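In the numbering used here, the protein residues as written are 121 to 425.
Glycine is no exception: its CB is placed at the ideal position from the N, C-alpha and C atoms.
From a predicted model like this one, the values you see are computed outputs, not experimental measurements.
Take a look at the structure set out below.
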Ligand code: FE
């Protein structure tokens, strides 16, 4: 079955472009590009024109996910499959595709009504190597695994959400079943993959916003340590201490971005496994994940160091 091959880009709505520009470059290490479009900045992490676009629209939330298909033929197959399944699909105009720097683009909504774009043919700037926003030991790990992964909110329920992302060609299921003291049921988290990355989209963590966190992977372990030090020095709230996930084996930590949701940076993930299994907790660490970030305590502790 033709499927999406990667999470190619994400669009984020932000309150302050200025805050995001310095956060993206100086804290995360991304390259910020201004193409002269009012209220819009692009973030690069490899040879692609962009992997993230920021629109200063005041929402401080996820605006759109952009999934790639292999080429024109797969694009048409995907359009037909979605339409046959009763999904409303709008094939975008050439001008809209140009704006995203892709050859062809379609727009639709997932089972919970969240905007999705499917495209083929991203603009790859082979003549413009990635230039990190601050020093890095290595680089961001993208390649066939796409830009990273995210946990997003869903209101349609796991079955309908699974059905929709299965239609896009993804596979997956529940990978964590976390006992919650005093709750009648454990907390289930569902993870979907479309390439060698363990998961590209996941669902189930409570979140006031459409996005819980966005993960970027480094190809060098020391970039996790370096980023941790930079985040602490900047007194940015750490939402989960370093630890290793049981499902993708990623060694990572989580910190807050200027929009009030989390960025995860990690290293050392294993490829997607193709048989289901579940975990009740992580391998180790990640204290604070799921709970409110200890912002004032953390900031005070850093200030006192
Ligand atoms: Fe994650």
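Q: Would you list the residues whose beta-carbon is nearer than 5 Å to any heavy atom of the ligand FE, in the order they occur in the chain?
A: Selection output, chain order preserved: 335 and 384.
Q: Please go through the region 184-243 and give each complete beta strand (DSSP E) segment of 3 or more residues, from N-terminal end onward.
A: 222-229 and 235-242
Q. Looking only at its own chain, which residues have a Cβ that is under 6 Å from the Cβ of residue 243, when we skip the five neighbours before and after it?
A. 169 and 221
Q) Just how far apart, CA to CA, sit residue 430 and residue 363? A) Nothing can be reported for residue 430: it is not among the residues displayed for the chain, which extend from 121 to 425.
Q | Proximity test, residue 271 beta-carbon vs the ligand FAD heavy atom, cut-off 8 Å | A | Among the ligands present in this structure, namely the ligand FE, the ligand FAD is not found.
Q. Between residue 86 and residue 149, which are expected to be in contact by the criterion C-beta below 8 Å, what is the C-beta distance as a whole number of angstroms?
A. In the structure as shown, the chain begins at 121 and stops at 425. Residue 86 is therefore absent and cannot be evaluated.
Q: Using 10 angstroms around the beta-carbon of residue 274, count the other beta-carbons present and answer buried if the total reaches 16, otherwise exposed.
A: buried
Q) Would you say the region 394-410 touches the region 358-372, given that touching needs at least three Cβ pairs under 8 Å? A) yes
Q. Hey, which unbroken runs of the alpha helix (DSSP H) at 4 residues or more fall wholly within the region 297-365?
A. 341-353
Q.
For residue 238, count the other beta carbons within 10 Å of its own beta carbon; 16 or more makes it buried, fewer makes it exposed. Which is it?
A. buried
Q. Could you give the distance in angstroms between the alpha-carbon of residue 227 and the alpha-carbon of residue 205?
A. Each residue's Cα considered, the two are about 15 Å apart.
Q: Measure from the alpha carbon of residue 158 to the alpha carbon of each residue in 145, 164, 136 and 165, then state which is nearest.
A: 136
Q.
Suppose the cutoff is 7 Å on Cβ atoms and the five residues either side in sequence are ignored; what does the same chain contact list for residue 139 look like?
A. Beyond the five residues adjoining it in sequence on each side, residue 139 comes within less than 7 Å, by CB distance, of 378 in the same chain, given in chain order.
Q: Go to residue 384, then tell me how far its alpha helix (DSSP H) extends in each direction, as first and last residue.
A: It is not in any alpha helix (DSSP H) - residue 384 instead sits in the beta strand (DSSP E) that spans 382-387.
Q.
For residue 156 and residue 182, what's the separation of their Cα atoms in angstroms?
A. For residue 156 and residue 182, the distance between alpha carbons rounds to 22 Å.
Q. With which residues is residue 371 paired in a DSSP beta bridge?
A. 364 and 387
Q) Rounded to a whole number of angstroms, what is the C-alpha to C-alpha distance between residue 130 and residue 380? A) 17 Å
Q: Quickly, what does DSSP pair residue 271 with across the bridge? List them, please.
A: 322 and 333
Q: To the nearest angstrom, report how far apart residue 384 and residue 191 are at their CA atoms.
A: Their Cα atoms are separated by approximately 30 Å.
Q) Can you round the beta-carbon distance between residue 313 and residue 286 to whole angstroms, since I take them to be within the 8 Å contact cut? A) About 12 Å; that fails the 8 Å criterion.
**Q.** Close beta carbons around residue 210, own chain, < 6 Å, minus the five adjacent residues each side
**A.** 227
Q) Got a sec? Which residues, its chain only, sit under 8 Å from residue 208 by beta carbon, not counting five neighbours each side? A) 228 and 229
Q) Leaving out the 5 sequence neighbours to the left and right, which residues in its chain are closer than 7 Å to residue 293 when beta-carbon positions are compared? A) 310 and 396
Q) Can you tell which of 400, 368 and 346 has the C-alpha that lies nearest to the C-alpha of residue 394? A) 368
(Q) Rounded to the nearest angstrom, what separates residue 353 and residue 177 at their Cα positions? (A) 29 Å
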